[in-house]
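Have a look at the structure below before the remarks.
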Amino acid sequence: MASYQIEVAIPERDYIIDIEPGLLTSPKALDTLQRLCGKSRLCIVTHPVLLKHYVTPLVEGLKQRGIEPFLHVVPSGEHRKTLATVAKMYDAFIEAKLDRKSLVVVIGGGVLGDAGGFAAASYLRGIRFVQIPTTLLAHVDSSVGGKTGVDLPQGKNLIGSFHQPSSVLIDPITLRTLPRRELCAGLAEVIKYGIIYDNAFFARVDALLPQILKRDMDALSEIIARSCEIKADVVRQDETEQGLRAILNFGHTLGHALEAITNYRRYKHGEAIAIGMVAESRIGECIGQTSPDVTNALIHTLERAHLPTAFPSDITLEQILQVAQRDKKTIGGHLSFVLPLRIGEVNVRNDIPVAAIQSAIQMSL
Ligand code: NAD
Ligand code: GLY
Numbered sequence: 140m141a142s143y144q145i146e147v148a149i150p151e152r153d154y155i156i157d158i159e160p161g162l163l164t165s166p167k168a169l170d171t172l173q174r175l176c177g178k179s180r181l182c183i184v185t186h187p188v189l190l191k192h193y194v195t196p197l198v199e200g201l202k203q204r205g206i207e208p209f210l211h212v213v214p215s216g217e218h219r220k221t222l223a224t225v226a227k228m229y230d231a232f233i234e235a236k237l238d239r240k241s242l243v244v245v246i247g248g249g250v251l252g253d254a255g256g257f258a259a260a261s262y263l264r265g266i267r268f269v270q271i272p273t274t275l276l277a278h279v280d281s282s283v284g285g286k287t288g289v290d291l292p293q294g295k296n297l298i299g300s301f302h303q304p305s306s307v308l309i310d311p312i313t314l315r316t317l318p319r320r321e322l323c324a325g326l327a328e329v330i331k332y333g334i335i336y337d338n339a340f341f342a343r344v345d346a347l348l349p350q351i352l353k354r355d356m357d358a359l360s361e362i363i364a365r366s367c368e369i370k371a372d373v374v375r376q377d378e379t380e381q382g383l384r385a386i387l388n389f390g391h392t393l394g395h396a397l398e399a400i401t402n403y404r405r406y407k408h409g410e411a412i413a414i415g416m417v418a419e420s421r422i423g424e425c426i427g428q429t430s431p432d433v434t435n436a437l438i439h440t441l442e443r444a445h446l447p448t449a450f451p452s453d454i455t456l457e458q459i460l461q462v463a464q465r466d467k468k469t470i471g472g473h474l475s476f477v478l479p480l481r482i483g484e485v486n487v488r489n490d491i492p493v494a495a496i497q498s499a500i501q502m503s504l
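Be aware that the sequence shown starts at 140, since it is given in the numbering used here, and climbs by one per residue.
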């Protein structure tokens, strides 16, 4: 089966993303962890559901190499992406006697990657960490690029920092146990890359959807690798989102608002982003820069990936606008949107008239 290596070429903080079915049970993963841990201590942060299939074999492998990992197991859920969860991680790090040379290894989806990455970023003013993502969304997006953080009741990801991992180890076999709804949610971010950066990739993902949904390892590895390549290319040019990186937020202004309104419980992150991408493409239509053909192609592919494309009927336009105003991408009271020019190219706008935003949301309600 194909394996891929992608470099995230940020000066002085560059690292490799390894993508390979079977990676977690191969010597390569153990070599990387052993090299990064050296003679120091290693703490694994993970979820109960991952222990049997993925964590225990890795722990056994590390023990055979003389490394005794400390295990901190955290319950799942976006509503637990909080400072309270991070505080418990600090307790675990202290109990594990982690010092400045120690290594945190986060094995989980985007919630744990973000929260665990933030704990590593802030403990002792920052220690190294490795991302071992286990959801499709984390494979293609959250494990790469160094955004770490947690939510506040007032809004998503309002607390956080940029802290690049030292390595990202992606084993697509982890997707075999992922619930189908989570797999589809991850596809929203894959489809996003096609719209914002690569029209040929958009078509390729659409064509591969039947194999992807059957969890064919070659198809999954291919789309994960191209997604990571695009993300690495963007992050390399703009690590801290001063400009270009904002294109990765396509669908996120309204998607994050939807997640907050529904208390981070009703929608998976990727589902909310799918709805947000359609609504934001319609904003592009309302200001005359996006062809309805783009929105229709987006909806068609999202539907084939079993993703929602419209806001639920029990939330109002006013709620969406009010919560979106608190988004951290809002500058000087102006909402920021990523809008398609065509499939494969977008721009970032913060000059959108409220009337256009209202009309687009109305069309998506
Ligand atoms: P998640 O982390 O909540 O994982 C989804 C569920 O799948 C959880 O219940 C988890 O326990 C379970 N799970 C994980 N791996 C599994 C496996 N292999 N088999 C069975 N079950 C498994 O959700 P997510 O979609 O991975 O991540 C969403 C989060 O990612 C959001 O908080 C979002 O803000 C964040 N995010 C961050 C970035 C970034 O750049 N840092 C980018 C995109 C998204
Ligand atoms: N997911 C948005 C970013 O990483 O910038």
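Ideal Cβ placement from N, Cα and C applies to all residues, glycine included. Since we're looking at a predicted model, the values are computed, not measured.
Where the beta strand (DSSP E) through residue i begins and ends
i, result
"PRO431", "It is not in any beta strand (DSSP E) - PRO431 instead sits in the alpha helix (DSSP H) that spans 431-443."
"LEU181", "181-185"
In DSSP terms, what residue i is bridged to
i, result
"VAL194", "Its beta-bridge partners do not exist; DSSP assigns none."
"ASN486", "LEU478"
"ASP157", "GLN144, LEU308"
"PHE257", "Partner(s): none; PHE257 has no beta bridge."
"ARG267", "LEU242"
"PRO272", "GLY247"
"PHE301", "LYS286"
Same chain, Cβ closer than 8 Å to residue i, five either side skipped, listed in chain order
i, result
"ALA495", "ILE422, CYS425, ILE426"
"ALA342", "GLY333"
"TYR154", "GLU146, VAL147, GLN303, PRO304, SER305, SER306, VAL307"
Backbone secondary structure at residue i - three-state DSSP
i, result
"PRO208", "coil"
"ASN296", "strand"
"LEU387", "helix"
"PRO318", "coil"
"THR287", "strand"
"PRO349", "helix"
"GLN458", "helix"
"ASP280", "helix"
"ILE149", "coil"
"ALA449", "coil"
"GLY508", "This structure does not reach residue 508, given that the chain is present from 140 up to 504, and the question cannot be answered."
"GLU380", "coil"
"THR401", "coil"
"ARG465", "coil"
"LEU162", "helix"
"LYS202", "helix"
"TYR336", "helix"
"TYR406", "coil"
"LEU237", "coil"
Own chain partners of residue i with C-beta closer than 6 Å, once the 5 adjacent residues on each side are dropped
i, result
"ALA168", "LEU162, LEU308"
"VAL279", "GLU328, VAL329, ILE363, SER366"
"ILE386", "ILE335, VAL477, VAL485"
"THR440", "ILE330, ASP345"
"THR221", "VAL289"
"HIS445", "CYS323"
"ALA396", "ILE459, VAL462, ALA463"
"HIS473", "ASN489"
7 Å Cβ shell around residue i - same chain, five flanking residues per side excluded
i, result
"TYR193", "LEU163, ILE246, THR273, THR313"
"ARG152", "GLN303"
"SER420", "THR429, VAL433, THR434, LEU437, PRO479"
"THR287", "ASP253, GLY256, PHE257, ALA260, GLY299, SER300, HIS302"
"ASN338", "ILE482, GLY483"
"ILE206", "GLN173, CYS176, LEU181"
Span of the alpha helix (DSSP H), counted from its first residue to its last, around residue i
i, result
"ILE363", "356-376"
"LYS227", "222-234"
"ILE496", "493-503"
"VAL188", "Per DSSP, VAL188 belongs to no alpha helix (DSSP H) and is neither H nor E."
"LYS167", "166-176"
"VAL213", "Note, VAL213: premise wrong, no alpha helix (DSSP H); not H, not E."
"GLY427", "No alpha helix (DSSP H) holds GLY427; DSSP gives it neither H nor E."
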